[in-house]
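Asks: Here you go, one structure.
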């Protein structure tokens, strides 16, 4: 699987072809559930990575009066804010055939 930050997913809202989305599973609802679960995984990965990077620059010995802005933390946060949303990344992966899924027996 590719690095999430390397995926060129849409940053803005666009309209997708419903038939392309549902062709792999036959139902738009199943496709949305699969993409939604993948978006949750992506969001979790991004959140963990962001928190780990921010912790590297965290100042441990500050009182409430000594709170100041850390330039590195601000730059990292801005970078992650500019990334495509997890849902957009999941849709891109789905349309590119990069999501593996399996149906469970009922």
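Numbering (this note's numbering), first residue to last: 1 to 106. In this text, a Cβ means the ideal position worked out from N, Cα and C, and glycines have one as well. Only a predicted model underlies this, so the values are computations on that prediction, with no experimental measurement involved.
Apart from the five residues on each side of it in sequence, which residues of its chain come closer than 6 Å, Cβ to Cβ, to residue 25?
Replies: Correct list, in chain order: 31.
Asks: Applying the 10 Å Cβ sphere with the 16-neighbour rule, what's the burial state of residue 58?
Replies: Exposed, since its Cβ has fewer than 16 Cβ neighbours within 10 Å.
Asks: When burial is assigned at 16 or more other CB atoms within 10 Å of the CB, is residue 98 buried or exposed?
Replies: Answer is exposed; the Cβ neighbour count stays below 16.
Asks: Just to check my reading of the structure: residue 29 and residue 91 have Cβ atoms closer than 8 Å, yes? What is that Cβ distance to the nearest angstrom?
Replies: With 8 Å as the limit, residue 29 and residue 91 do not qualify as a contact, their Cβ atoms being about 15 Å apart.
Asks: Between which residues of its own chain and residue 37 is the CB-CB distance below 7 Å, once the five residues before and five after are set aside?
Replies: Closer than 7 Å at the Cβ level, and outside the excluded window around residue 37, lies no residue.
Asks: Cα separation between residue 55 and residue 77?
Replies: Taking the straight line joining both Cα atoms gives about 12 Å.
Asks: Does the Cβ of residue 89 have 16 or more other Cβ atoms within 10 Å, making it buried, or fewer, making it exposed?
Replies: Looking at its Cβ environment, which holds 16 or more other Cβ atoms inside 10 Å, residue 89 is buried.
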